[in-house]
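Number of protein chains: 2
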Amino acid sequence: MTENVPLPDFDLSRFMPYRLAVAAQRTSEELARQYRDRFGISIPEWRVLVHLATAEDVSVRDIEARVAMEKSKVSRAATRLEAQGYVTKTQHQGDRRLVRLKLTPRGRELMAELLPLAQAYQDEIEARLGAAFAHLESGLTALLQDK
Amino acid sequence: MTENVPLPDFDLSRFMPYRLAVAAQRTSEELARQYRDRFGISIPEWRVLVHLATAEDVSVRDIEARVAMEKSKVSRAATRLEAQGYVTKTQHQGDRRLVRLKLTPRGRELMAELLPLAQAYQDEIEARLGAAFAHLESGLTALLQDK
DNA sequence: TTGACATCGTTGCATGTGCAATGATTAAAC
DNA sequence: GTTTAATCATTGCACATGCAACGATGTCAA
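For the record, the sequence lines run as chains A and B. Last residue of the first sequence: 147 (the numbering used here), numbering continuous. Last residue of the second sequence: 147 (the numbering used here), numbering continuous.
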């Protein structure tokens, strides 16, 4: 007769980690599918490419710190990108533990296509949300800053 | 001499899908580790449990729609939960294609521990963000409503 | 009834993932 | 200078994942 332990009310749809996960999934899904179907690129690979488009001469460690991915994930993404001919991996001259990642010309051409796609998607989200976009931005800034 | 294709500027750290992914990862990580280390529960399992704590007599299909997970993910989470003794899977009487998921008494006891943990975490986030929490909420609401 | 089609849940398969352990290299300690 | 510790990137392993295919059941039309 003690089978029915009472449970507190809880609304998953208002739980912030859940809402963020769903929002991230929704917004990534459409773009990720385009990347995958048209270019054979996954999200981890895309993140590495974006960072290389900004700063060349980057190590796995640098990317790990900048794009919020585990180093093994970065390493495997870089290996796949190298196999696809978008990236070269060479030994760093000063510190031979480091790997120097660099876009190939073909990789640059790819990014010249991908980056406008991403920017257009960002613009589309911003247009759709209107004033709420700024709210979302300030909320995320607060959430992501310290810690 | 045409090696250097020019690339448009792009700031990954301001790209909304990326920011949302990082925010989701950060906020889920801490809680997920607690669930895993202390109770042996993963995030997909947790989502199923939360929904069962709210509404009993639920099918895999129902959960798939409510908690934003693929049906195969729900199915496997339910299988694991059954093996751990937190959930029972029985055949629905009316429609024998459906599986009726239900918390066991032990499952209810687990949730009586887990739900307050989640609520405390939610409260902590809200306290830390202050006014920005409301901004985040309204932004997410706008983003997630239609589609 | 029969047949065609839709729905539900599970599973096979290839691939991605986190985590710990490893080898290679460099830095620090003494 | 030698030993010890730290750092960088990769890899092995067990497991999770998405997706398509499947079997079982239910629905609908003729």
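Built from N, CA and C at the ideal position, the CB exists for glycine as well.
Using 8 Å as the threshold, is the C-beta distance between residue i and residue j below it?
{"i": "Val148/A", "j": "Ala78/A", "result": "Since the first residue shown for chain A is 1 and the last is 147, residue 148/A is missing from the structure and cannot be characterised."}
{"i": "Leu52/A", "j": "Val74/A", "result": "no"}
{"i": "Ala24/B", "j": "Ala24/A", "result": "yes"}
{"i": "Arg101/B", "j": "Leu7/A", "result": "Note that residue 101/B is Leu in the sequence shown here, rather than Arg. No, the Cβ-Cβ distance between Leu101/B and Leu7/A is not below 8 Å."}
{"i": "Ala112/A", "j": "Leu31/A", "result": "no"}
{"i": "Gly139/B", "j": "Gly139/A", "result": "yes"}
{"i": "Leu143/A", "j": "Leu129/B", "result": "yes"}
{"i": "Arg152/A", "j": "Val5/B", "result": "Look at the range of chain A in this structure, 1 to 147, and you will see that residue 152/A is not part of it."}
{"i": "Ser42/B", "j": "Arg36/B", "result": "yes"}
{"i": "Gln145/A", "j": "Met16/B", "result": "no"}
Residues in its own chain within less than 6 Å of residue i by CB, not counting five upstream and five downstream?
{"i": "His135/A", "result": "none"}
{"i": "Leu20/A", "result": "none"}
{"i": "Leu98/B", "result": "Ser59, His92"}
{"i": "Phe133/B", "result": "Glu126"}
Provide the residue span of the alpha helix (DSSP H) that contains residue i, from first to last.
{"i": "Arg66/B", "result": "60–66"}
{"i": "Val5/A", "result": "Where Val5/A is concerned, there is no enclosing alpha helix (DSSP H), given that its DSSP letter is neither H nor E."}
{"i": "Ala55/A", "result": "From DSSP, Ala55/A is part of no alpha helix (DSSP H); its letter is neither H nor E."}
{"i": "Ser31/A", "result": "The question names Ser, but residue 31/A in the sequence shown is Leu. Here the alpha helix (DSSP H) through Leu31/A covers 16–34."}
{"i": "Ser75/B", "result": "71–83"}
For the beta strand (DSSP E) containing residue i, list its first residue and its last residue.
{"i": "Thr104/B", "result": "Per DSSP, Thr104/B belongs to no beta strand (DSSP E) and is neither H nor E."}
{"i": "Val87/B", "result": "87–91"}
Which same chain residues end up closer than 7 Å to residue i when comparing Cβ atoms and leaving out the 5 residues on each side of it in sequence?
{"i": "Glu82/A", "result": "Thr88, Lys89"}
{"i": "Thr104/B", "result": "Gly85, Tyr86, Val87, Thr88"}
{"i": "Pro44/B", "result": "Met69, Lys73, Ala77"}
{"i": "Val58/B", "result": "His51, Leu52, Leu101"}
{"i": "Tyr18/B", "result": "Leu12"}
Given residue i, which residues of its chain have a CB within under 8 Å of its CB, disregarding the five upstream and five downstream residues?
{"i": "Thr27/A", "result": "Ile125"}
{"i": "Lys71/A", "result": "Val60, Arg61, Glu64"}
{"i": "Arg106/B", "result": "Gly85, Tyr86"}
{"i": "Gly40/A", "result": "Gln84"}
Complete beta strand (DSSP E) runs within the stretch 96–142 of chain B (minimum length 3 residues, chain order): 99–103
Members of the stretch 121–146 of chain B that neighbour chain A once the beta carbon cut-off is set at 9 Å: Tyr121, Gln122, Ile125, Glu126, Arg128, Leu129, Gly130, Ala131, Ala132, Phe133, Ala134, His135, Leu136, Glu137, Ser138, Gly139, Leu140, Thr141, Ala142, Leu143, Leu144, Asp146
Contact set between the stretch 66–90 of chain A and chain B, restricted to residues whose Cβ is under 7 Å from the partner: Val67, Ala68
Residues, ordered as in the chain, of the stretch 38–52 of chain B that lie near chain A by beta-carbon distance below 9 Å: Ile43, Arg47, Val50, His51
Contact list for the stretch 99–116 of chain A against chain B, Cβ threshold 7 Å: Pro105, Arg108, Glu109, Met111, Ala112, Leu115, Pro116
Against chain A: residues of the stretch 12–28 of chain B by CB proximity under 9 Å: Leu12, Ser13, Arg14, Phe15, Met16, Pro17, Tyr18, Arg19, Leu20, Ala21, Val22, Ala23, Ala24, Gln25, Arg26, Thr27, Ser28
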